[in-house]
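Line order of the protein sequences matches chains L and X. Read in order, the letters of the first sequence are residues 1 to 224 in UniProt numbering. Read in order, the letters of the second sequence are residues 1 to 224 in UniProt numbering. Heads up, the beta-carbon is just placed ideally off N, CA and C, and yes, glycines get one too. Below: one structure, written as C-alpha cells.
Number of protein chains: 2
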Amino acid sequence: MTDKAPKPTKISRSGAQANEIARLLRTDIISGEIPQGEILRQENLAQRFQTSRMPVRDALRILEQEGLVDLQPNRGAQVAILDVEGIREIYEMRAVAEVLALRHAIPELTNSQIEKAEKIRSEAESAGLEQFGVLNKAFHETLYAPCARPRLLSHISSLHDLADRYLRIAAIELDYIDRSNQEHCQLLAACNARDTLKACKLLDQHIISAGEKLFTRLKEASTR
Amino acid sequence: MTDKAPKPTKISRSGAQANEIARLLRTDIISGEIPQGEILRQENLAQRFQTSRMPVRDALRILEQEGLVDLQPNRGAQVAILDVEGIREIYEMRAVAEVLALRHAIPELTNSQIEKAEKIRSEAESAGLEQFGVLNKAFHETLYAPCARPRLLSHISSLHDLADRYLRIAAIELDYIDRSNQEHCQLLAACNARDTLKACKLLDQHIISAGEKLFTRLKEASTR
DNA sequence: ATTATTAATATTGGATACAATAATAAAAAT
DNA sequence: ATTTTTATTATTGTATCCAATATTAATAAT
C-alpha cells in the first residue's frame, strides 16, 4: 500500500520548509502513525505539505541520516524497518553514551534541575502509554543537560528517538512503566546524594534491562 | 575569502552524485585542504563538480549530519570550526563507543583479522604524518568489524573523521605516532590472548590519553 | 503454460528558472 | 560625521521541466 493521502497540512511558508517537513514526519514515524516499511512517495508527501517535491527530498535526506528512513538511489524511500535484533545495539549505545553524560553532569547538577526531573517523573507516573516515550526522554535529558557536551546530547537524543519507535510497537504494559518509574526514583536519589558512581551504575542497569525487556517482549510478539 | 576555484572534477554520472560529492568534500575537509571556517558556496561547488547546485545541497546536508559542516538556513554552509574544547568530548565518545565495539568483537575475532590489523599497524609504523590518520582508523576498524553492529560502527567512523581533523592541524610529532604504535602493539597482544577485559582497558586508556595529548598540544599552539 | 523480450508507465534524480531572504552599497536624514 | 533608510546585489530556497532509472504490462518465443 502507498501512503493514504491524509489531510493536507499547510506549513510555514518561510525559510527552510525541509526542516519543518522533517519534523512532522519524524513525529509521525516515531509515534508509529506512519508504520515501518511504508513507502514514502515524494509526490504524495508534496501534496500533503502543499509544496513541491524539492523540500520533501531534503526532508527525506535528513530523516535518512537519523536512521528513521531508508533511502535507496532511484528506488525511493521507505520508513526504516525495525529489526528486533537491532534493539540491543541501540540500548547498548544508549547505556554507554548516557552514563558518560551523567558522569559529567552530576557534579554540575543543581537542586532545581533535580526538582525539575522529579516533576517530570511524577507526571510520567500518571501518564499513559502515549506520553511515556516523550516524558521518559525529557526526564533523562534533564539530568544530562548540565554535562555541557552538545554533541553527546544530540547523539543521545537521536538514540532516544530510535528507541521510542520500538516502545510504540511493543505495546508495553503498565508493568514496564511502573518498573521504569521505580528505577527513576532510585536514580534521582543517587543524583540527589551526588553519588556519581552509584547513579551511573543504576543508569546503566536501568537502560540495559529496559532494552532486554523490550527485546524479549518484541521477540515473543513476532513469533506469536 | 571564498573557495578558490580548484580543478573541475568530473564525477560518475550515475545514481546519486550527492554521495560522491560528499565523499570528496569529506576527505578535503578532514585533510584540512579546505580549512575550518571556509564558506562553501553552492555555486562554486557545483562548478567544481560539474553539476547543478542540487546534488551539492544534498551533499552538504550529509556532511552537516556528520558534524563536518555547519548549515544555517538561508545563510549557507561553512566548514565546521574546530573548537579545542570539543576534542575531549569527541575522544570521550570514541572511548565508550569503541570499548563497547571491541568488547563484542573479541569473542568473534579470527586470527586472520588480527593478522590484518597487525599488517596495518606495521604499515603505519613507517608511514608519515600524512597517512597516519587513515591508517589509524583502518587499524581500529579492523578490530571492531566482527562485533556485527552496523550502527555502532558507523557512529565510530564519524567520530574518527572528526578526530582526524584535529590531528591534521595539530601537526603531531613522531613521538605521538611512536607512542600510538606501541599501544597498538599491546592492544593486539591482548586481542590475540582473547583477554577482553585487558584489551578494553588498554583501548580506553589509549583513546583517552591520545585525546589529552592532542588537547594540550592544540591548547599550547593556540596561546603561543 | 512459462519464460524471455520488448514496450509503456511511474518515479526518482538533476538542471534550469524563479522567488525569497540576507548581505552589501548607496543615499538621505539627523 | 554618524546613523538610518533605501536600493542593489549576491545567495539560498522552491518550483517546474527534462532525463535517467526502475517497475509494470504486454508481447513474443520456446
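Can you tell which of the options has its C-alpha closest to the C-alpha of residue i?
{"i": "ASP164(X)", "options": "ARG26(X), CYS147(X), ARG179(X), PRO150(X)", "result": "ARG26(X)"}
{"i": "SER112(X)", "options": "THR223(X), THR142(X), LEU63(X)", "result": "THR142(X)"}
{"i": "GLU20(L)", "options": "HIS140(L), ASN44(L), TYR166(L), VAL56(L)", "result": "VAL56(L)"}
{"i": "ILE39(X)", "options": "ARG75(X), ARG23(X), ILE30(X)", "result": "ARG75(X)"}
{"i": "ARG23(X)", "options": "ASN44(X), PHE49(X), GLN36(X), GLU43(X)", "result": "PHE49(X)"}
{"i": "ASP195(L)", "options": "GLU43(L), LEU102(L), ILE90(L), GLU33(L)", "result": "LEU102(L)"}
{"i": "ALA199(L)", "options": "LYS213(L), ALA127(L), LEU159(L), GLU98(L)", "result": "GLU98(L)"}
{"i": "LEU202(X)", "options": "GLU220(X), LEU214(X), ASN181(X)", "result": "ASN181(X)"}
{"i": "GLN17(X)", "options": "ALA80(X), ILE169(X), THR51(X)", "result": "THR51(X)"}
{"i": "MET93(L)", "options": "PRO146(L), HIS160(L), ARG151(L)", "result": "HIS160(L)"}
{"i": "ARG149(X)", "options": "LEU174(X), ALA105(X), ASP178(X), ASP28(X)", "result": "ALA105(X)"}
{"i": "SER157(L)", "options": "LEU167(L), HIS206(L), TYR144(L), GLU115(L)", "result": "TYR144(L)"}
{"i": "PRO73(X)", "options": "ARG151(L), ASP58(L), LYS213(L), GLU183(L)", "result": "ASP58(L)"}
{"i": "GLN42(X)", "options": "VAL79(X), GLY32(X), GLU33(X)", "result": "VAL79(X)"}
{"i": "ILE28(L)", "options": "PHE132(L), ILE114(L), ARG168(L), LEU214(L)", "result": "In the sequence on display, residue 28(L) carries Asp and not Ile. Minimum Cα distance to ASP28(L) is reached at ARG168(L)."}
{"i": "ILE114(X)", "options": "GLY133(X), LEU100(X), LEU153(X), PRO146(X)", "result": "PRO146(X)"}
{"i": "ASP178(L)", "options": "LEU152(L), THR216(L), HIS206(L)", "result": "HIS206(L)"}
{"i": "GLU183(L)", "options": "HIS140(L), LEU153(L), THR216(L), GLU33(L)", "result": "HIS140(L)"}
{"i": "ILE30(L)", "options": "LEU197(L), ALA190(L), LEU152(L), PHE132(L)", "result": "PHE132(L)"}
{"i": "GLY86(X)", "options": "GLY32(L), THR216(L), ARG151(L)", "result": "ARG151(L)"}
In chain X, which residues lie less than 9 Å from residue i when you measure between Cβ atoms?
{"i": "ARG149(L)", "result": "GLY86, ARG88, GLU89, GLU92, MET93"}
{"i": "LEU100(L)", "result": "GLU92, MET93, ALA95, VAL96"}
Taking just the CA atoms, how far does residue j sit from residue i?
{"i": "ALA117(L)", "j": "HIS155(X)", "result": "29 Å"}
{"i": "SER122(L)", "j": "GLU108(L)", "result": "23 Å"}
{"i": "ALA124(L)", "j": "CYS185(L)", "result": "12 Å"}
{"i": "LEU188(L)", "j": "ALA77(X)", "result": "41 Å"}
{"i": "ILE172(L)", "j": "VAL84(L)", "result": "15 Å"}
{"i": "GLN47(L)", "j": "LEU129(L)", "result": "32 Å"}
{"i": "ILE120(L)", "j": "ILE62(L)", "result": "29 Å"}
{"i": "GLN65(L)", "j": "GLN65(X)", "result": "7 Å"}
{"i": "ILE90(X)", "j": "GLY211(L)", "result": "25 Å"}
{"i": "ARG224(L)", "j": "LEU218(L)", "result": "10 Å"}
{"i": "residue 226(X)", "j": "ALA95(L)", "result": "With chain X represented from 1 up to 224, any question about residue 226(X) goes unanswered, as that position is not in the structure."}
{"i": "LEU135(L)", "j": "ASP70(X)", "result": "30 Å"}
{"i": "LEU162(X)", "j": "MET54(X)", "result": "26 Å"}
{"i": "ILE208(X)", "j": "ASN192(L)", "result": "29 Å"}
{"i": "GLY67(L)", "j": "ASP204(L)", "result": "24 Å"}
{"i": "SER14(X)", "j": "PRO35(L)", "result": "The pLDDT assigned to SER14(X) is 49, lower than 50, so where the model puts this residue is not dependable; a value taken from the coordinates is nonetheless given after this. Roughly 31 Å separates the two Cα atoms."}
{"i": "ALA170(L)", "j": "ARG88(L)", "result": "14 Å"}
{"i": "ALA138(X)", "j": "ASN44(L)", "result": "43 Å"}
{"i": "LEU82(L)", "j": "TYR176(X)", "result": "43 Å"}
{"i": "THR110(X)", "j": "LEU60(X)", "result": "38 Å"}
{"i": "LEU214(X)", "j": "TYR166(X)", "result": "8 Å"}
{"i": "GLU33(L)", "j": "LEU153(X)", "result": "30 Å"}
{"i": "LEU100(X)", "j": "LEU197(X)", "result": "11 Å"}
{"i": "GLY37(X)", "j": "THR216(X)", "result": "22 Å"}
{"i": "ALA190(L)", "j": "ALA127(X)", "result": "49 Å"}
{"i": "LEU174(L)", "j": "LEU174(X)", "result": "59 Å"}
Applying a beta-carbon distance threshold of less than 8 Å, which residues of chain X neighbour residue i?
{"i": "ILE62(L)", "result": "ARG61, GLN65"}
{"i": "LEU152(L)", "result": "GLU89, GLU92, MET93"}
Using a Cβ cut-off of 7 Å, pull out every chain X residue sitting near residue i, in sequence order please.
{"i": "LEU202(L)", "result": "In chain order: nothing, as chain X lies at least about 17 Å away."}
Run down chain L in chain order and give the residues with a C-beta less than 9 Å from the C-beta of residue i.
{"i": "ASP58(X)", "result": "ARG57, ASP58, ARG61"}
What residues are listed by DSSP as bridge partners for residue i?
{"i": "VAL56(L)", "result": "VAL56(L) pairs with nothing; no bridge assigned."}
{"i": "LEU40(X)", "result": "ALA77(X)"}
{"i": "VAL69(X)", "result": "VAL79(X)"}
Counting only runs of 4+ residues fully inside the segment 115-175 of chain L, write out the alpha helix (DSSP H) ranges in chain order. DSSP runs (the alpha helix (DSSP H)) wholly in the segment 115-175 of chain L: 129-144, 150-170.
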